[in-house]
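Residue numbers (the working numbering), protein chains in the order written: chain A, 1 to 272; chain B, 1 to 278.
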């Protein structure tokens, strides 16, 4: 559309601020960020830094007070209408009365896919998230980690251009979390989509991402962006490499340093 | 499976036996002590339970068929009125709930009148319904069904509204992220979320529709239903008290059947997590 040699950025956030009318909370202030197609960008910061709010603004679930968001060159609103978003929330948010297969097929039904095509895609998705054979189970028969995999399969089922994930593994135990991290990377490689990922785990952010955006608390600002130069093919051993620790330290320093340097004397208590 | 059914059956027998025992021991105690509060207990005010039950197999009138035969056909007639009234009330009640859910303005404007409609005694409305709908070439029992519907729709409306509102905000947000149409959200999310609430209301309404049908028969002077039978045996109560009690038993049984059918349908329809089936 732009006609230049560059494809439009997958996500282009320009000067986004958000003040919640109710309570007057100043959640975000002057966020600028461009995300290239195929990137995996994590947002990390203390609770209350507005990272989830930012993700919701990108997803057109709430409106920014100022600034604009373009997704693939379109407005966020148009992107939502075009079904460009696959969303995964903190909880799996499955529909209890639907089987696993029907949960995954939900967005496909909305898109008007016929039954055969839906069934075929559901099978592919079940294979992808390693839940083959669980299609007839109901959500409450699955563990938390399995439910989250169903939610991911649902979000990916219709090949959305942009995957928005809001602390998807926050409620899971450490071991399940690390296994799902690896799976998510494998899926991301296979699907080739762009991912925006909110987390409050430093190691998770470093392990998964091509870039980590460190945010400062209230009002949320970008404290720094750390490019993750680890090789793209990551394994369980990646977490043991010296470079991994260096990057984790760099992110941690940014998180810590920012709290003391906050302008206007507003030293934040949240980062201890 | 068979063991479970047997256990259930045994429980029913035990409960019925206990109720029987309560009735008879109350009766025996009052007769023995001669207590007169709150009422004098004798064969007229509280016939023996075995007399009430056995009355069902004694002739309705001298030389006629056993009482249970006409009572069952009365019950079938009342059941027809109640089923039609229930269906009418459930559909209208659900529709009102859906409409009010989608418009805050209508909800604020109309809900008070929906509530007010239920504070008007059914006995005050019934004669008018009979007059309005009478002589229109409709079967005589149609006004009775309308009265039953009047008692049925209210719980369904209130619970439908409550049920549609109960849809999980996170699930709604997911629908929003898919840019789902209003109809799609209703069909795929809000209706299923509302089902347990709607069924809770249907259980109340099922029995209410039987009561509505019986009461509705009185001003319509319909003699073919349980209402007619009750009116009739009421007149002969001092001579044959067991007949009225036996009729009440049949009416209660009809209500139970209605309730049971709804429970059965709920089991088939609401296939959510087990804890969602109340």
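Virtual Cβ for every residue (Gly too), placed ideally from N, Cα, C. Just so you know, these numbers come straight off a predicted model, no measurement behind them.
Interface positions of the segment 160 to 183 of chain B facing chain A (Cβ-Cβ less than 7 Å), listed along the chain = Under the 7 Å Cβ criterion, the segment 160 to 183 of chain B contributes 170, 171, 173, 174, 176, 177, 178, 179, 180.
Any idea if residue 278 of chain B is buried or exposed, counting beta-carbon neighbours within 10 angstroms, 16 or more meaning buried?
-> Taking the second chain and counting its residues from 1, one reaches residue 278 of chain B at position 278. The predicted model places residue 278 of chain B with a pLDDT of 38, which falls under 50 and marks its position as unreliable; any figure quoted below should be read in that light. Of the residues assessed, residue 278 of chain B falls on the exposed side of the cut-off, its CB having fewer than 16 other CB atoms within 10 angstroms.
Does any C-beta atom of chain B lie closer than 8 Å to the C-beta of residue 113 of chain A?
-> Within the first chain, the letter at position 113 stands for residue 113 of chain A. False, the Cβ-Cβ gap to chain B never drops below 8 Å.
Just how far apart, CA to CA, sit residue 321 of chain B and residue 132 of chain B?
-> For chain B, the structure presents residues 1 to 278; residue 321 of chain B sits outside this window and is missing.
Could you have a look at residue 70 of chain A and say whether DSSP puts it in helix, strand or coil?
-> Numbered from its first residue, the first chain carries residue 70 of chain A at position 70. In the structure shown, residue 70 of chain A sits in a strand (DSSP, three-state: E or B).
Where DSSP assigns a beta bridge to residue 59 of chain B, which residues make up the other side?
-> The residue you call residue 59 of chain B lines up with position 59 of the second chain. Residue pairing from DSSP places residue 59 of chain B in a beta bridge opposite B:66.
According to DSSP, is residue 260 of chain A helix, strand or coil?
-> Translated into positions along the first chain, residue 260 of chain A becomes position 260. Low confidence applies to residue 260 of chain A: its pLDDT is 45, below 50, so where it sits in the model is not reliable, and the reading given next is rough at best. In this structure, residue 260 of chain A counts as helix in the three-state DSSP scheme.
CB-CB length for residue 215 of chain A against residue 51 of chain A, believed under 8 Å = Here residue 215 of chain A refers to the residue found at position 215 when the first chain is read from its first residue. Here residue 51 of chain A refers to the residue found at position 51 when the first chain is read from its first residue. Indeed they touch by this definition, with Cβ atoms about 6 Å apart.
DSSP state of residue 16 of chain A mapped onto helix, strand, coil = Your numbering for residue 16 of chain A matches position 16 in the first chain. For residue 16 of chain A, the secondary structure class from DSSP, reduced to helix, strand or coil, is strand.
What did DSSP end up calling residue 87 of chain A once you bin it into helix, strand or coil?
-> Walking along the first chain from the start, residue 87 of chain A turns up at place 87. DSSP, read as helix, strand or coil, puts residue 87 of chain A in strand.
Would residue 25 of chain B count as contacting chain A if we go by Cβ distances under 8 Å?
-> For this step, residue 25 of chain B is matched to residue 25 along the second chain. Not one beta carbon of chain A lies nearer than 8 Å to the beta carbon of residue 25 of chain B.
If you draw a straight line from the C-alpha of residue 90 of chain A to the C-alpha of residue 99 of chain B, how long is it?
-> Residue 90 of chain A sits at position 90 when you count from the first residue of the first chain. Residue 99 of chain B sits at position 99 when you count from the first residue of the second chain. If I take the Cα positions, the gap works out to 33 Å.
Taking just the CA atoms, how far does residue 223 of chain A sit from residue 254 of chain A?
-> On the first chain, position 254 is the one that residue 254 of chain A refers to. On the first chain, position 223 is the one that residue 223 of chain A refers to. The straight-line gap from Cα to Cα measures roughly 7 Å.
Excluding five sequence neighbours on each side, which residues of the same chain lie with their C-beta closer than 8 Å to the C-beta of residue 38 of chain B?
-> As a working note, residue 38 of chain B is residue 38 in the second chain. Once the five neighbours on either side are set aside, residue 38 of chain B has no close Cβ partner at all.
Between A:220, A:159, A:28, which lies nearest to residue 111 of chain A when the distance is taken from Cα to Cα?
-> The sequence position of residue 111 of chain A within the first chain is 111, counting from 1. Residue A:159 is the option with its Cα nearest to residue 111 of chain A.
Count the other C-beta atoms from every protein chain shown that fall within 10 angstroms of the C-beta of residue 48 of chain B, then say buried if there are 16 or more, exposed otherwise.
-> Within the second chain, numbered from 1, the residue matching residue 48 of chain B stands at position 48. Classification for residue 48 of chain B: exposed.
Taking all protein chains shown into account, do 16 or more other C-beta atoms lie within 10 angstroms of the C-beta of residue 16 of chain B, making it buried, or fewer, making it exposed?
-> Your numbering for residue 16 of chain B matches position 16 in the second chain. Here residue 16 of chain B is exposed. Its C-beta has fewer than 16 other C-beta atoms within 10 Å.
Note down, in chain order, all residues in the segment 129 to 152 of chain B with a beta-carbon under 9 Å from any beta-carbon belonging to chain A.
-> Here the close residues number zero.
With burial defined as no fewer than 16 other Cβ atoms inside 10 Å of the residue's Cβ, what is the status of residue 166 of chain A: buried or exposed?
-> Counting from 1 along the first chain, the entry for residue 166 of chain A is found at position 166. Residue 166 of chain A comes out buried.
For residue 194 of chain A, the first and last residue of its enclosing beta strand (DSSP E) = Counted from its first residue, the first chain places residue 194 of chain A at position 194. Where residue 194 of chain A is concerned, the enclosing beta strand (DSSP E) stretches over 194 to 199.
How about the segment 136 to 152 of chain B and the segment 184 to 197 of chain B: do they share at least three Cβ pairs that are nearer than 8 Å?
-> With a cut-off of 8 Å, the segment 184 to 197 of chain B and the segment 136 to 152 of chain B do not count as touching, because too few Cβ pairs lie within range.
Residue 131 of chain A versus residue 138 of chain A - alpha carbon distance | Here the question's residue 131 of chain A lines up with position 131 in the first chain. Here the question's residue 138 of chain A lines up with position 138 in the first chain. Distance between the alpha carbons of residue 131 of chain A and residue 138 of chain A: 13 Å.
For residue 134 of chain A, collect the residues of the same chain with a Cβ closer than 6 Å to its Cβ; drop the 5 residues on either side in sequence, then sort them by chain order.
-> In the first chain, residue 134 of chain A corresponds to position 134, counting from 1. Excluding residues up to 5 positions away in sequence, 100 lie with their Cβ nearer than 6 Å to the Cβ of residue 134 of chain A in the same chain.
Between residue 28 of chain A and residue 56 of chain A, what straight-line distance do the alpha-carbon atoms span, to the nearest angstrom?
-> Numbered from 1 along the first chain, position 28 holds the residue referred to as residue 28 of chain A. Numbered from 1 along the first chain, position 56 holds the residue referred to as residue 56 of chain A. Rounded to the nearest angstrom, the two C-alpha atoms are 12 Å apart.
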